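Colleague: Sending over a structure as structure tokens; questions will come in a sec.
Below you can see the structure in the form of structure tokens.
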């Protein structure tokens, strides 16, 4: 059988039900195989859109996403999604075409050294050198993408090798002697962690995207509620703990709540779970949580003590570790009364400094109000993707995510243009769910073209553009830190999103009245097919509160 | 579940951070990798982007043709070695890493020195060569090429001594190392 037909068999064996891609010269054989392989292929309009769609699919479903591109520019267009998937630990397999082996290294037409270019931003990559390697490499790629700390894997297949004939036998095992992730978690360390928790008077649980990736949200709630541990999450961890729970302090970090950041600042014990102490969380590292000792639970040993030295490191899968930690903690019979003082201090912060904004007195829509309206219109039950910028932070602050895998954003790389294609991928993976994208008028234009894909494929995403006519977050920084010298942030009135939506075969709406916003949004949500909603919001509104970059949490402003 | 030696009461004050420390000495890492294309690039790239400086690097075959051994030395005063090894372990083609204990390790490198040696200085250079158990492998009227093996400290010392005579060129392999005794490196 042709190697590409074997490739299709491998994809089916891995349970792949959909791939996102765009054909070209070097992957023509693969596309010939797709012709009758019986795998759904979604023809995207730009490879980056395909890559982000595969990410959105993976984040919403927990399954491995697949994106395809041809050699050269097709492959390099995948670089941003690959890097994004690396930073946010998203399981995606990227399959790229490559020029014929005889042309390799000759600067042939559409030749790019994809393995070399992507090397720093992949979990692993395979350069196929013999068609016989294809089936095993594909299975190894899926195994690597999905297990341990998930991440992107690239498989680069030269055109001539992909059309070669090979004897195909299903591969039932993977052989990766250099890859053995630790999932178990050391019992002795878990016991020490339980004791530390039992002795802490000002503890806090700081959970990240690892809790979501591990599927350990229920286990986290179990741990948090076996006593009354306060919980905060990173922007990647939102939904890992219910956003309406009474022990929930809100998101932490640069635009987190004061309660969460102050609690981190004053804590005596921080239990970090699947989080990596990013600079947007720690602020000034030398003054981060100065009184705290750290339990650090992570499946990636290299994260432990990378930025902040851990006192009790536990390497393993949170889903495996948290129930054992909860059991050990329960067995100690700690006195819950000891946390009273801590909670009364936290409650003061919560009462004094809730998330707040000054609402308009007329019909003007404040951006924060827009998120609250969307929360109400969707009953808090939508899968929400977002782009990157002010709207992302407001969405993170005001949409109280009740469950994991409902919040799909680009946290680590901060990729503008992520939201729309990610929503598309999420909707393909979860066709029965309401999928909305909260976009900025700047971000959305970076992968707008995928609206055509949505129309063609009937992917009914609802995109809500928070339109302030600015690159809002950059404008905010220029206002606060660059003396209001607004340099290259005014996006003007272009394009006309309603007309553009119609040109793409989607429904376009414009909303600018806060009094009817919720019902207008409900109407948009009830409209068939893809819908693009241009919501006009206050032009110059700042995202607060805020830890100015490079400063400690207690210096929060706004 | 019964692990001994954990104290019943644990005060938070007793907890100490367990890693991320700088040792302040030279480290020799012996890394067993799969003999596949691109492996060295992955390792070199990792060092470059994480800002780890490699002092020396030597790559060669092992007794198993499917494997290669990379020996590299780096300064434990500049880098937290545990972070370096943990990052290396994430590379799928890396099978095994040993941070070799200096006292239990035999480390050697090969160096070649081209020294100007005419008339008067020739005898002196050859005498130094003999003291260091080097070997003269090429002679012309005005120069000598000396081959020397030893620890990097020995090679450094020899370099200091011959430099005043006129060191024309020098080439060094970087150290390779193997564990003493029966146990595997």
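Residue numbers (the working numbering), protein chains in the order written: chain A, 1 to 558; chain B, 1001 to 1185.
All residues carry an ideal CB built from backbone N, CA and C; glycine is no exception.
Owing to the predicted nature of the structure, the values given are computational and were not obtained by experimental measurement.
1. Roughly how many whole angstroms lie between the Cα atoms of residue 490/A and residue 470/A?
2. Any chance you could list the beta strand (DSSP E) runs of at least 3 consecutive residues sitting entirely within the stretch 247-299 of chain A, in chain order?
3. On the DSSP bridge assignment, give the partners of residue 232/A in chain order.
4. Exposed or buried, what is residue 388/A when buried is set at 16 or more other beta-carbons lying within 10 Å of its beta-carbon?
5. Tell me the rounded alpha-carbon separation between residue 478/A and residue 418/A.
6. Beta-carbon of residue 1040/B versus every beta-carbon of chain A: anything under 7 Å?
7. Is the shortest distance between the beta-carbon of residue 515/A and the beta-carbons of chain B less than 7 Å?
8. Is it a yes or a no for the stretch 497-512 of chain A touching the stretch 1008-1027 of chain B, going by three-plus beta-carbon pairs under 8 Å?
9. Report the partner residues of residue 470/A according to the DSSP bridge assignment.
10. So residue 98/A is in the beta strand (DSSP E); what residue range does that whole segment cover?
11. Quick one: which chain B residues come within Cβ less than 7 Å of residue 195/A?
12. Quick check on the DSSP output: the beta strand (DSSP E) that includes residue 1168/B runs from which residue to which?
13. Where does the unbroken beta strand (DSSP E) through residue 68/A begin, and where does it stop?
14. Report yes if the CB atom of residue 231/A is closer than 7 Å to the CB atom of residue 273/A, and no otherwise.
15. Consult DSSP for residue 571/A and reduce its assignment to one of helix, strand or coil.
16. Using a C-beta to C-beta distance shorter than 7 Å, which residues of chain B count as neighbours of residue 270/A?
17. Please look up how many angstroms separate the CB atoms of residue 95/A and residue 132/A, rounded, as I've assumed it's under 8 Å.
18. I need the straight-line Cα distance from residue 519/A to residue 353/A, nearest angstrom please.
19. Consult DSSP for residue 556/A and reduce its assignment to one of helix, strand or coil.
20. For residue 446/A and residue 317/A, what's the separation of their Cα atoms in angstroms?
21. When you compare the CB positions of residue 466/A and residue 255/A, do they come within less than 7 Å of one another, or not?
22. Starting from the C-beta of residue 326/A, find all residues in its chain whose C-beta is less than 8 Å away, skip the five residues before and the five after it, and write them out in chain order.
23. Flag residue 230/A as yes when its Cβ comes closer than 6 Å to any non-hydrogen atom of the ligand MG, and as no otherwise.
24. At a Cβ threshold of 7 Å, is residue 179/A touching chain B?
25. To the nearest angstrom, report how far apart residue 432/A and residue 457/A are at their CA atoms.
26. When the distance is taken between beta carbons, is residue 270/A closer than 7 Å to residue 241/A?
27. Three-state secondary structure (DSSP) at residue 544/A?
28. Taking Cβ positions only, does residue 447/A come closer than 7 Å to chain B?
29. According to DSSP, which residues form a beta bridge with residue 1065/B?
30. Determine the extent of the beta strand (DSSP E) in which residue 1108/B is found, giving its start and end residues.
31. Could you run through the stretch 1082-1096 of chain B and flag, in chain order, every residue whose CB is less than 8 Å away from some CB of chain A?
32. In the DSSP assignment, the alpha helix (DSSP H) including residue 8/A goes from what residue to what residue?
33. Would you call the CB atoms of residue 407/A and residue 384/A closer than 7 Å?
34. What is the rounded straight-line gap between the Cα of residue 1143/B and the Cα of residue 1118/B?
35. Can you find a C-beta in chain A that's less than 7 Å from the C-beta of residue 1006/B?
36. Helix, strand or coil for residue 448/A per DSSP?
Modeller: Taking the coordinates as given:
1. By one-based count along the first chain, residue 490/A stands at place 490. By one-based count along the first chain, residue 470/A stands at place 470. Taking the straight line from one Cα to the other gives about 5 Å.
2. 248-251, 269-273 and 293-298
3. Mapped onto the first chain, residue 232/A falls at position 232. The partner list for residue 232/A (beta bridge, DSSP) reads 206/A.
4. In the first chain, the residue the question calls residue 388/A occupies position 388. A residue is called buried once 16 or more other Cβ atoms fall within 10 Å of its Cβ, and residue 388/A is buried on that count.
5. If you number the first chain from 1, residue 478/A lands on position 478. If you number the first chain from 1, residue 418/A lands on position 418. Roughly 24 Å separates the two Cα atoms.
6. For the purposes of this step, residue 1040/B is identified with residue 40 of the second chain, where counting begins at 1. Not one chain A Cβ lies under 7 Å of residue 1040/B.
7. Position 515 of the first chain, counting from 1, holds the residue named residue 515/A. Residue contact check for residue 515/A against chain B: no CB pair falls below 7 Å.
8. no
9. In the first chain, the residue the question calls residue 470/A occupies position 470. In DSSP, residue 470/A forms a bridge with 490/A.
10. As a first step, residue 98/A must be located in the first chain, where it is residue number 98. Element bounds for residue 98/A: 92-98.
11. In the first chain, residue 195/A corresponds to position 195, counting from 1. Neighbours of residue 195/A on chain B, chain order: 1010.
12. Translated into positions along the second chain, residue 1168/B becomes position 168. 1167-1172 is the span of the beta strand (DSSP E), which, as asked, contains residue 1168/B.
13. Locating residue 68/A in the first chain gives position 68, where the first residue counts as 1. From DSSP, the beta strand (DSSP E) with residue 68/A extends over 65-69.
14. Translated into positions along the first chain, residue 231/A becomes position 231. Translated into positions along the first chain, residue 273/A becomes position 273. Result no, Cβ atoms of residue 231/A and residue 273/A do not sit closer than 7 Å.
15. Summary: the structure shown does not reach residue 571/A, with chain A confined to residues 1 through 558, and so no result is reported for it.
16. Counting from 1 along the first chain, the entry for residue 270/A is found at position 270. Neighbours of residue 270/A on chain B: none; closest Cβ ~11 Å, over 7 Å.
17. To locate residue 95/A, count along the first chain from 1; it is residue 95. To locate residue 132/A, count along the first chain from 1; it is residue 132. Between residue 132/A and residue 95/A the Cβ distance is about 17 Å, and since that is not below 8 Å, they are no contact.
18. For this step, residue 519/A is matched to residue 519 along the first chain. For this step, residue 353/A is matched to residue 353 along the first chain. If you take the alpha carbons of residue 519/A and residue 353/A, they lie about 30 Å apart.
19. Along the first chain, one-based indexing puts residue 556/A at 556. Coil, per DSSP.
20. Stepping through the first chain from its first residue, residue 446/A is reached at position 446. Stepping through the first chain from its first residue, residue 317/A is reached at position 317. Cα to Cα, the separation comes out at about 36 Å.
21. One-based indexing of the first chain puts residue 466/A at position 466. One-based indexing of the first chain puts residue 255/A at position 255. No; because the gap between Cβ atoms is not below 7 Å, this pair is not in contact.
22. Here residue 326/A refers to the residue found at position 326 of the first chain. So the list reads 219, 222, 223 and 226, once near-sequence residues are dropped.
23. Looking for the ligand MG in the displayed structure turns up nothing, as the structure carries no ligands at all.
24. Taking the first chain and counting its residues from 1, one reaches residue 179/A at position 179. Yes, its Cβ sits closer than 7 Å to a Cβ of chain B.
25. One-based indexing of the first chain puts residue 432/A at position 432. One-based indexing of the first chain puts residue 457/A at position 457. Those two C-alpha atoms are separated by around 15 Å.
26. Locating residue 241/A in the first chain gives position 241, where the first residue counts as 1. Locating residue 270/A in the first chain gives position 270, where the first residue counts as 1. If you check the CB distance, residue 241/A and residue 270/A do not come in under 7 Å.
27. Reading the first chain from its first residue, position 544 is the one you call residue 544/A. Residue state, collapsed to three classes: coil.
28. Locating residue 447/A in the first chain gives position 447, counting from the first residue. Not an interface residue.
29. In the second chain, the residue the question calls residue 1065/B occupies position 65. None, per the DSSP bridge assignment.
30. Position 108 of the second chain, counted from the first residue, corresponds to residue 1108/B. 1105-1116 is the span of the beta strand (DSSP E), which, as asked, contains residue 1108/B.
31. 1082, 1083, 1086, 1087, 1089, 1090, 1091, 1092, 1093, 1094 and 1095
32. Here residue 8/A refers to the residue found at position 8 of the first chain. Segment 3-13, the alpha helix (DSSP H) holding residue 8/A.
33. One-based indexing of the first chain puts residue 407/A at position 407. One-based indexing of the first chain puts residue 384/A at position 384. Yes. Within cutoff.
34. On the second chain, position 143 is the one that residue 1143/B refers to. On the second chain, position 118 is the one that residue 1118/B refers to. About 7 Å.
35. Your numbering for residue 1006/B matches position 6 in the second chain. Any reading at residue 1006/B must be qualified, since the residue scores a pLDDT of 47, below 50, and its modelled position is unreliable; no value is offered.
36. As a first step, residue 448/A must be located in the first chain, where it is residue number 448. Residue state, collapsed to three classes: coil.
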